[in-house]
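Trainee: Using this note's numbering, you'd call the opening residue of the sequence shown number 13 and step up by one each time. Here a beta-carbon is modelled for each residue, glycine too, at the ideal position from N, C-alpha and C. Just so it is clear, the structure is predicted and the values come from calculations on it, not from any experiment.
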Amino acid sequence: MSANDEPPPEAYGRVSEPERYRVLHSAASRLVQDLVGDFDVVVHEGVALDPELARMVEAERSVKLAPVSPAAAPIAIALTLFPGVYVQFGRWEARSYPSCGCDACDEGPAELVHQLRRDVKAVADGNFREELRGGLRPRRAVELWGDGWRSSHHGAMKRREMQRLGPPGSHAWRPWPRRAPG
13 MSANDEPPPE AYGRVSEPER YRVLHSAASR LVQDLVGDFD VVVHEGVALD PELARMVEAE
73 RSVKLAPVSP AAAPIAIALT LFPGVYVQFG RWEARSYPSC GCDACDEGPA ELVHQLRRDV
133 KAVADGNFRE ELRGGLRPRR AVELWGDGWR SSHHGAMKRR EMQRLGPPGS HAWRPWPRRA
193 PG
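Shown next as structure tokens:
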């Protein structure tokens, strides 16, 4: 299929090889080990996702890493049954690796591992901002960045989603404190 060709309609919604994403589980587990070894964090096993999101994500295992500094963003990582990885950053951001998994999207596992590591590193480095605005037109904005890359998204949201996320605010998260040598 050339770059200009559209996938066939039947490729949307079809996942013919989900096990290709199993590599994300081992990559996420290694990532958690590295983060726990390098940073001063409190580890919470099995309680990582908020209750409403936990109903949407079927997880084999989840872990929340909470930096000892409240100015640094927590990260929750869930290994999903799909298989894939679901990550919550800070207060409001959540991402899935893969984001879809269908044959039409054809997300490459190696690229997803790279994106997962890159995004988590940005949060641990303090290169993460998020904002939630209330009012008549609720909005959400998120920005992650690192060496030579930037990822951002923003947009309007429904009042019901705004209420689920909690009170508005803005966070320019600080770097995670490193673990003391010894």
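So, are the CB atoms of PRO79 and ASP118 less than 9 Å apart?
Mentor: Working through the sequence shown from its first residue, we reach residue 79 at position 67. Working through the sequence shown from its first residue, we reach residue 118 at position 106. It is not a contact, given that the beta carbons lie outside the stated cut-off.
Trainee: Does the segment 155-167 come close enough to the segment 113-132 to have 3 or more Cβ pairs within less than 8 Å?
Mentor: yes
Trainee: Please report the distance separating the alpha-carbon of PHE140 from that of ARG34.
Mentor: Here the question's residue 140 lines up with position 128 in the sequence shown. Here the question's residue 34 lines up with position 22 in the sequence shown. So the alpha carbons of these two residues sit roughly 27 Å apart.
Trainee: DSSP beta-bridge partners for ALA2?
Mentor: It is not possible to answer for residue 2, since the shown part of the chain is limited to 13 through 194.
Trainee: Return helix, strand or coil for GLY146, following the three-state DSSP convention.
Mentor: On the sequence shown, position 134 is the one that residue 146 refers to. Three-state DSSP puts GLY146 in coil, outside helix and strand.
Trainee: Quick one: measure Cβ to Cβ for PRO19 and ALA106, integer angstroms, because I've assumed they're closer than 8 Å.
Mentor: Along the sequence shown, read from residue 1 onward, the residue named residue 19 stands at position 7. Along the sequence shown, read from residue 1 onward, the residue named residue 106 stands at position 94. The Cβ separation is near 26 Å, so there is no contact.
Trainee: Just to confirm the assignment, what range does the alpha helix (DSSP H) spanning SER111 have?
Mentor: Residue 111 sits at position 99 when you count from the first residue of the sequence shown. Careful: SER111 lies outside any alpha helix (DSSP H) and carries neither H nor E.
Trainee: Let me make sure I understand the geometry here. Which of ALA153, VAL154, ARG186 and GLY146 has the alpha-carbon closest to that of ARG172?
Mentor: By one-based count along the sequence shown, residue 172 stands at place 160. Of the listed residues, the one whose Cα sits closest to ARG172 is GLY146.
Trainee: With a threshold of 7 Å on Cβ separation, who are the neighbours of GLY96 within its own chain once the five nearest residues in sequence on each side are excluded?
Mentor: Residue mapping note: residue 96 aligns to position 84 of the sequence shown, counting from 1. For GLY96, where only same-chain residues beyond five positions count, the Cβ hits under 7 Å are TYR33, LEU36, SER108, TYR109, PRO110 and GLY113.
Trainee: Cβ atoms of ARG151 and HIS166: under 9 Å apart, would you say?
Mentor: Translated into the one-based positions of the sequence shown, residue 166 becomes position 154. Translated into the one-based positions of the sequence shown, residue 151 becomes position 139. Cβ atoms of HIS166 and ARG151: closer than 9 Å.
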